[in-house]
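Heads up, the thing below is written out as structure tokens.
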Amino acid sequence: MPELPEVETTLRGVSPHLVGHTIRELIVQERRLRWPVPDDLIEIEGAPILSGSRRGKYLLFTTARGTLLIHLGMSGSLRVLAPSLPWRKHDHVAFRLDSGMELRFHDPRRFGTIQWIKGSPSDHPLLKDLGPEPLSPDFSARHLYDLSRHRKSSVKALIMDSHSVVGVGNIYACEALFMAGIRPTLAAGKVSLPRFERLTSAIREVLAASIEMGGTTLRDFLNESGEPGYFKQTLRVYDREAQPCHTCGTPIKRIVQTNRSTFYCPKCQR
DNA sequence: ACGCAGGCCTGGGCGC
DNA sequence: TGCGCCCAGGCCTGCG
């Protein structure tokens, strides 16, 4: 489920339950995630959580001893619930809190990650080379333009590259390119500065709007309602192969780029 | 150095 | 109903 808006929604949902609280007990049911859950994560027991934040799709919870990093991969989710609730299949890790609740990590495909970072998170290998946050002022048309000169790969690959900008997954890459009227296959190096202006605006817009809608999910977040219902209705090209473009009626095309599905309108996107 | 396919996993949907 | 195949919202690694 998680693209950036879902990660942000998750952060907002779990943070109030974690920040200012202490993890009393760590329970690891399955340590085989993308990388093994590290042994020294046990150090989190007894250390009050000082803050929660997000960097790209990474969730960060800081303590005086270290930082808990969680990535949800393709299928991960977090819930705060009563420890008495039985473990579902694919519940892998639980953090028992002093509040009597627990944070539970669930991930069928196990592409997710749980790491324990000592020292500065921004120096961590997973974080140190990340590009700007799409909703921050550091993310600009000029930034993309400068990065893209002489790049022969596609503009879609550029915006999905976390060195360029974080948090733009396959869905929102497709959607933003549609909004900007840019053909996903276009070589990044051939996109003009004005077109990058449109593209950066579109990326900001689609992510911000989606986070807004994540707000609806926020309320019932703890009941594991899971999938936000806003999704399908909002999407203008993603997963709409052969269906008419909302703007011009032309059938939406599906192609494969770098092993991922790309959806676009062959008429509106040039 | 750069760009891309492969691989990590499970589950859902489809055609036969 | 069952089986095999394809596909999936991410991202690191290693190859050419």
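To convert a position in the first sequence, counted from 1, into our numbering, add 678.
Here a beta-carbon is modelled for each residue, glycine too, at the ideal position from N, C-alpha and C.
All values derive from a computational prediction rather than experimental measurement.
- Item | Residue closest to Phe-739, alpha-carbon to alpha-carbon, out of Asn-848, Leu-913 and Leu-689 | Measuring from the Cα of Phe-739, the nearest candidate turns out to be Leu-689.
- Message: Along the chain, where does the alpha helix (DSSP H) containing Ser-826 start, and where does it finish?
- Response: From DSSP, the alpha helix (DSSP H) with Ser-826 extends over 819-826.
- Task: Could you round the C-beta distance between Arg-788 and Leu-756 to whole angstroms and report it? I think they count as a contact, below 8 Å.
- Result: Arg-788 to Leu-756, Cβ: 15 Å. No contact.
- Cβ pair count under 8 Å reaching 3, the stretch 758-768 against the stretch 827-834: Between the stretch 758-768 and the stretch 827-834, the count of Cβ pairs shorter than 8 Å is below three; the stretches do not touch.
- Query: Nearest CA to the CA of Arg-873: which residue from Gly-691, Gln-947 and Val-846?
  - Reply: Answer by Cα proximity: Gln-947.
- Do Ala-819 and Leu-864 come within 8 Å of each other at the CB atom, strictly closer than that value? Using a Cβ distance threshold of 8 Å, Leu-864 and Ala-819 do not count as a contacting pair.
- CB of Asp-816 within 8 Å of CB of His-841, strictly: Their beta carbons are not under 8 Å apart, which means Asp-816 does not touch His-841 by this criterion.
- Message: Given this structure, state the Cα-to-Cα distance separating Cys-926 from Glu-890, to the nearest angstrom.
- Response: In this structure, the CA atom of Cys-926 is about 27 Å from the CA atom of Glu-890.
- Determine contact between the stretch 848-860 and the stretch 934-947, defined as no fewer than three beta-carbon pairs at a distance below 8 Å. Taking 8 Å as the limit for Cβ pairs, the verdict is that the stretch 934-947 does touch the stretch 848-860.
- Query: Can you tell me whether DSSP reads Asn-901 as helix, strand or coil?
  - Reply: Caution is warranted here: a pLDDT of 49 is assigned to Asn-901, below 50, making its placement in the model unreliable, and no coordinate value can be reported.
- Item | Gly-691, DSSP secondary structure in three states | In the structure shown, Gly-691 sits in a helix (DSSP, three-state: H, G or I).
- Query: Is there contact between the stretch 786-805 and the stretch 744-752, where contact requires at least three CB pairs shorter than 8 Å?
  - Reply: Yes, since at least three Cβ pairs between the stretch 786-805 and the stretch 744-752 fall closer than 8 Å, the two stretches touch.
- Message: Taking contact to mean 3 or more Cβ pairs, one atom from each stretch, closer than 8 Å, check whether the stretch 769-782 and the stretch 873-883 are in contact.
- Response: No contact exists between the stretch 769-782 and the stretch 873-883.
- Would you give the residue range spanned by the alpha helix (DSSP H) that Lys-834 belongs to? Taken as a continuous stretch (DSSP letters only), the alpha helix (DSSP H) holding Lys-834 covers 833-838.
- Query: If you draw a straight line from the alpha carbon of Arg-709 to that of Arg-827, how long is it in whole angstroms?
  - Reply: Here the alpha carbon of Arg-709 sits roughly 42 Å from the alpha carbon of Arg-827.
- Query: Which same chain residues, not among the five before or five after His-695, have their C-beta less than 8 Å away from its C-beta?
  - Reply: The residues Val-758, Leu-775, Ser-777, Met-779 and Leu-781, in chain order, have a CB closer than 8 Å to that of His-695 in the same chain once the five nearest residues on each side in sequence are set aside.
- Task: Run the CB neighbour count on Ile-722, radius 10 Å, all protein chains shown included, and call it buried at 16 or more, exposed below.
- Result: It is buried - the Cβ of Ile-722 has at least 16 other Cβ atoms within 10 Å.
- Task: Return helix, strand or coil for Gly-797, following the three-state DSSP convention.
- Result: Three-state result, Gly-797: coil.
- Indicate the three-state DSSP secondary structure (helix, strand or coil) for Gly-867 in the structure shown. Three-state result, Gly-867: helix.
- Message: For Ile-720 and Gly-867, I'd like the C-alpha separation in whole angstroms.
- Response: Roughly 47 Å between the two C-alpha positions.
- Query: Does DSSP classify Gly-892 as helix, strand or coil?
  - Reply: DSSP places Gly-892 in helix when its eight states are reduced to three.
- Message: With the cut-off set at 8 Å, would you say Gly-730 and Gly-845 are in Cβ contact?
- Response: Remark: C-beta atoms of Gly-730 and Gly-845 do not approach each other more closely than 8 Å.
- Message: On the CB-based measure, 16 or more other CB atoms within 10 Å of its CB, does Thr-843 come out buried or exposed?
- Response: Residue 843 is actually Val in this sequence, not Thr. Per the 10 Å Cβ criterion, buried.
- For Gly-797, count neighbouring Cβ atoms within 10 angstroms of its own Cβ and tell me buried if that reaches 16, exposed if not. With fewer than 16 Cβ atoms within 10 Å of its Cβ, Gly-797 is classed as exposed.
- Message: Just to check my reading of the structure: Gly-847 and Leu-682 have Cβ atoms closer than 8 Å, yes? What is that Cβ distance to the nearest angstrom?
- Response: Contact flag correct, Cβ pair sits at about 7 Å.
- Task: Leaving out five residues on either side along the sequence, give the residues of the same chain with a beta carbon under 8 Å from the beta carbon of Arg-743.
- Result: Spatial neighbours of Arg-743 in its own chain (CB-CB distance under 8 Å, excluding positions within 5 residues in sequence) are listed in chain order as Glu-721, Ile-722, Ala-725 and Lys-796.
- Inspect the beta-carbon positions of Pro-786 and Ser-753 and report whether they are closer than 8 Å. In contact: Pro-786 and Ser-753 (Cβ atoms closer than 8 Å).
- Task: Go ahead and pull the three-state DSSP assignment for Arg-948.
- Result: Coil, per DSSP.
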